[in-house]
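**Q** Below are the structure tokens for one structure; questions will follow.
There are 2 protein chains.
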Amino acid sequence: MSAFMAQALAEAEAAGARGEVPVGAVVVQDGRIIARAGNRVEELGDPTAHAEMLAIRAATVLGDKRLEDCDLYVTLEPCPMCAAAISLARIRRLYFGAYDPKSGGVEHGSKVFDHATCHHRPEVYGGLEERRSAELLRVFFAERR
Amino acid sequence: MSAFMAQALAEAEAAGARGEVPVGAVVVQDGRIIARAGNRVEELGDPTAHAEMLAIRAATVLGDKRLEDCDLYVTLEPCPMCAAAISLARIRRLYFGAYDPKSGGVEHGSKVFDHATCHHRPEVYGGLEERRSAELLRVFFAERR
């Protein structure tokens, strides 16, 4: 397994253990992780505190507001908010785990990167460790609903 | 002029005076402003620090993570990131100033609210104080480019 996706999955598992929807993300630059986060919507009471948003903000605080030489690994297809943030941050490559037909914004719904109004489209690789990423979510919701 | 849009315009003007793209937003609950923000992308070095994101985060910190009885006034058509955040926060009504054919995500491009994957669509009122909102942006960019 990609070591970076393994770390994103570890963030997702930690989020689930905190009672958050288990999604995790890491930002990678020059072969090393410079920022990592799990979902903290419940803890922060902030509907925008998705793993990707927190990881991107943490990475931009370290240096440039543009992450042109950075890649993002996230365990779930980003929603439109996170997809647009990835574009605004000029992330180079996006690797995501499970597809999200219900709320995704990359391959589904508003398909944020697929419009002329999207001024930067990362390279996109979906379905990486798809089964494990999806299983985390399935178990989480099965235990709660 | 709507007193709330006047306050969003004041936030936009203050952002412009700080060297930021002049966009401002306020969140209104029960007839009073509970959060207000201007764009701080440059100051924070954070590409996600749009006025709407900052105002929504400030409002959710005050109470519930869902702003179901709140309205957002913003001087520019939200981008897809901010439109999706407005939906996630369950904002009741969105009032925006200038339309943004280049980067907007409500009436243009990915039209975030217009998909089945968007689970909450606010009432949307565009073009409020459109001329003044657009003029602020026009002057800002004319002075810099």
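Residue numbers (the UniProt record's numbering), protein chains in the order written: chain A, 1 to 145; chain B, 1 to 145.
Each residue gets a CB set at the ideal place from its N, CA and C atoms; glycine is no exception.
Over the uninterrupted beta strand (DSSP E) stretch that includes B:Val139, give me the two end residues.
**A** By 1-based counting over the second sequence, the position of residue 139 of chain B is 139. Counting along the chain, B:Val139 falls outside any beta strand (DSSP E), though it belongs to the alpha helix (DSSP H) covering 130-144.
**Q** For A:Val112, decide whether its Cβ has a neighbour in chain B, counting only Cβ atoms nearer than 9 Å.
**A** To locate residue 112 of chain A, count along the first sequence from 1; it is residue 112. A:Val112 counts as touching chain B.
**Q** Where do the N-terminal and C-terminal ends of the beta strand (DSSP E) with B:Cys70 fall, by residue?
**A** Within the second sequence, numbered from 1, the residue matching residue 70 of chain B stands at position 70. Element bounds for B:Cys70: 70-76.
**Q** For A:Cys70 and chain B, any beta-carbon pair shorter than 9 Å?
**A** Start at 1 with the first residue of the first sequence, and residue 70 of chain A comes out as number 70. By this cut-off, A:Cys70 is not an interface position.
**Q** Helix, strand or coil: how does DSSP classify A:Arg93 here?
**A** Stepping through the first sequence from its first residue, residue 93 of chain A is reached at position 93. Here A:Arg93 sits in strand by DSSP.
**Q** List the residues of chain B that A:Ile56 touches, going by C-beta distances under 7 Å, in chain order.
**A** If you number the first sequence from 1, residue 56 of chain A lands on position 56. What A:Ile56 touches in chain B: Thr48.
**Q** Taking just the CA atoms, how far does A:Met53 sit from B:Arg138?
**A** Here residue 138 of chain B refers to the residue found at position 138 when the second sequence is read from its first residue. Here residue 53 of chain A refers to the residue found at position 53 when the first sequence is read from its first residue. Distance between the alpha carbons of B:Arg138 and A:Met53: 30 Å.
**Q** Would you mind giving the Cβ-Cβ distance between A:Pro78 and A:Val106, rounded to the nearest angstrom? I have them listed as a contact below 8 Å.
**A** To locate residue 78 of chain A, count along the first sequence from 1; it is residue 78. To locate residue 106 of chain A, count along the first sequence from 1; it is residue 106. The pair is a contact, with the Cβ atoms about 6 Å apart (cut-off 8 Å).
**Q** Whose Cβ in chain A lies nearer than 9 Å to the Cβ of B:Arg103?
**A** Counting from 1 along the second sequence, the entry for residue 103 of chain B is found at position 103. Checking the displayed sequence, the identity of residue 103 of chain B turns out to be Ser instead of Arg. Those are Thr117, Cys118, His119, listed as they occur along chain A.
**Q** Mind reading off the beta-carbon distance from B:Asp71 to B:Tyr95? Whole number of angstroms is fine, and I expect it under 8 Å.
**A** Here the question's residue 71 of chain B lines up with position 71 in the second sequence. Here the question's residue 95 of chain B lines up with position 95 in the second sequence. Indeed they touch by this definition, with Cβ atoms about 7 Å apart.
**Q** Spatial neighbours of residue 178 of chain A within its chain, please: CB distance less than 6 Å, with the 5 preceding and 5 following residues excluded, ordered by chain position.
**A** One cannot answer for residue 178 of chain A here, as it falls past the ends of chain A, which runs 1 to 145.
**Q** Beta carbon of B:Arg90, beta carbon of B:Arg57: below 9 Å?
**A** Position 90 of the second sequence, counted from the first residue, corresponds to residue 90 of chain B. Position 57 of the second sequence, counted from the first residue, corresponds to residue 57 of chain B. Going by C-beta atoms, B:Arg90 is not nearer than 9 Å to B:Arg57.
**Q** Between A:Gly97 and A:Ser87, what straight-line distance do the alpha-carbon atoms span, to the nearest angstrom?
**A** The residue labelled residue 97 of chain A in the question sits at position 97 within the first sequence. The residue labelled residue 87 of chain A in the question sits at position 87 within the first sequence. Near 18 Å, if we compare the C-alpha coordinates of A:Ser87 and A:Gly97.
**Q** Where does B:Arg32 sit, in a helix, a strand or coil, going by DSSP?
**A** On the second sequence, position 32 is the one that residue 32 of chain B refers to. If DSSP states are grouped into helix, strand and coil, B:Arg32 belongs with the strands.
**Q** DSSP state of B:Ala49, grouped into three classes?
**A** One-based indexing of the second sequence puts residue 49 of chain B at position 49. B:Ala49 falls in the coil class under three-state DSSP.
**Q** Taking 9 Å as the CB-CB cut-off, is B:Leu44 touching chain A?
**A** Taking the second sequence and counting its residues from 1, one reaches residue 44 of chain B at position 44. Chain A contact via Cβ: present.
**Q** What is the DSSP secondary structure of A:Ala116, reduced to helix, strand or coil?
**A** Along the first sequence, one-based indexing puts residue 116 of chain A at 116. Three-state result, A:Ala116: coil.
**Q** Taking the straight line between their C-alpha atoms, what separation do you get for A:His108 and A:Pro80?
**A** Along the first sequence, read from residue 1 onward, the residue named residue 108 of chain A stands at position 108. Along the first sequence, read from residue 1 onward, the residue named residue 80 of chain A stands at position 80. About 9 Å.
**Q** Among B:Asp64, B:Thr75, B:Glu20, B:Pro122, which one has its Cα closest to the Cα of B:Gly45?
**A** Along the second sequence, one-based indexing puts residue 45 of chain B at 45. B:Gly45 has its Cα closest to that of B:Glu20, out of B:Asp64, B:Thr75, B:Glu20, B:Pro122.
**Q** Using alpha carbons as the reference points, say which of B:Ala134, B:Tyr73, B:Cys82, B:Arg121 lies closest to B:Ala35.
**A** The residue labelled residue 35 of chain B in the question sits at position 35 within the second sequence. Cα-wise, what sits closest to B:Ala35 is B:Tyr73.
**Q** Quick one: does A:Asp30 have its CB under 9 Å from some CB of chain B?
**A** Residue 30 of chain A sits at position 30 when you count from the first residue of the first sequence. With 9 Å as the cut-off, A:Asp30 does not count as an interface residue toward chain B.
**Q** On a CA-only basis, which of B:Ala142, B:Glu123, B:Met1 is nearest B:Ala83? Give me that one, please.
**A** In the second sequence, the residue the question calls residue 83 of chain B occupies position 83. Answer by Cα proximity: B:Glu123.
**Q** 9 Å is my cut-off, CB to CB: does B:Pro122 come that close to chain A?
**A** The residue you call residue 122 of chain B lines up with position 122 of the second sequence. Judged by the 9 Å Cβ criterion, B:Pro122 is not in contact with chain A.
**Q** With DSSP as the reference, identify every bridge partner of B:Ala98, one or two as the case may be.
**A** The residue you call residue 98 of chain B lines up with position 98 of the second sequence. B:Ala98 is bridged to B:Leu76.
**Q** Take B:Val61 as the anchor and find which of A:Val27, A:Val61, A:Pro47 has the nearest alpha-carbon.
**A** For the purposes of this step, residue 61 of chain B is identified with residue 61 of the second sequence, where counting begins at 1. Of the listed residues, the one whose Cα sits closest to B:Val61 is A:Pro47.
**Q** Straight-line CA distance for B:Ala25 to A:Met1?
**A** To locate residue 25 of chain B, count along the second sequence from 1; it is residue 25. To locate residue 1 of chain A, count along the first sequence from 1; it is residue 1. Spanning the two alpha carbons is a distance of roughly 44 Å.
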